[in-house]
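Residue numbers (our numbering): 45 to 201. Backbone N, C-alpha and C define an ideal beta-carbon position, used for all residues, glycine too. Below is one structure, written out as structure tokens; the observations come after it.
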Ligand SMILES: Nc1ncnc2c1ncn2[C@@H]1O[C@H](COP(=O)(O)OP(=O)(O)OP(=O)(O)O)[C@@H](O)[C@H]1O
Ligand SMILES: [Mg+2]
């Protein structure tokens with residue numbers, strides 16, 4: 045199990061953690077983001093996408109369309125499942141079709157816990173806690189070996 049805990053003191057710090065992650069992600073990465081409204085899931089996604097070379101004007105929260113796709117060093121599939129009730133809603137929007145494309149892209153899923161039982165295997169969790177107005181605890185964890193290099197780099201900083 046790989047685990048990295050980060051205390052972010054500002055939106056900029058969360059953004060730059062995301063950027064670092066995006067620079068290091070291997071193809072086939074799935075990142076499951078959890079945490080309450082306004083904890084920073086979209087902000088870290090922005091950083092990850094920037095690190096992947098996605099032009100920043102492309103990056104928006106897909107709350108109303110559920111899924112956005114971007115082109116960076118790798119294709120990026122960004123989902124926001126806030127409005128899903130659960131797994132059955134997920135099936136209705138064809139979520140398993142998206143999941144079947146995970147191997148060739150980077151997939152970032154806000155509110156991933158809503159479809160926990162059908163998520164792709166070997167993903168990395170990024171769990172957010174709001175500590176105060178400007179502080180967030182961000183815990184990254186995974187069992188998947190493909191993230192070994194990423195965790196080594198993050199811990200080396
Ligand atoms: N340390 C921090 N890291 C991230 N965001 C922070 C931090 N401190 C304050 N914020 C603020 O918290 C908000 C995070 O918004 P963001 O849209 O990223 O949250 P979210 O988790 O995607 O919310 P939602 O569940 O509505 O999609 C922003 O307004 C940001 O400025
Ligand atoms: Mg969001």
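Distances between the C-beta of residue 124 and the heavy atoms of ligand 1 include at least one below 7 angstroms. Exclusion of residue 47 from the 7 angstroms shell around ligand 2 follows from its C-beta lying no nearer than that to any non-hydrogen atom of the ligand. Within the same chain, Cβ atoms closer than 8 angstroms to the Cβ of residue 161 are found at 131, the five residues on either side in sequence being excluded. In the structure shown, residue 173 adopts extended strand secondary structure according to DSSP, grouped into three states. Between ligand 1 and the CB of residue 93, the shortest heavy atom gap is not smaller than 7 angstroms. Per DSSP, reduced to three states, the secondary structure at residue 198 is helical. For a cut-off of 8 angstroms, the C-beta gap from residue 68 to residue 197 is around 6 angstroms, short enough to register as a contact. The segment 140 to 155 and the segment 177 to 197 do not touch, with fewer than 3 CB-CB distances between them shorter than 8 angstroms. With a cut-off of 8 angstroms on Cβ pairs, the segment 163 to 173 is in contact with the segment 76 to 86, counting three or more such pairs.
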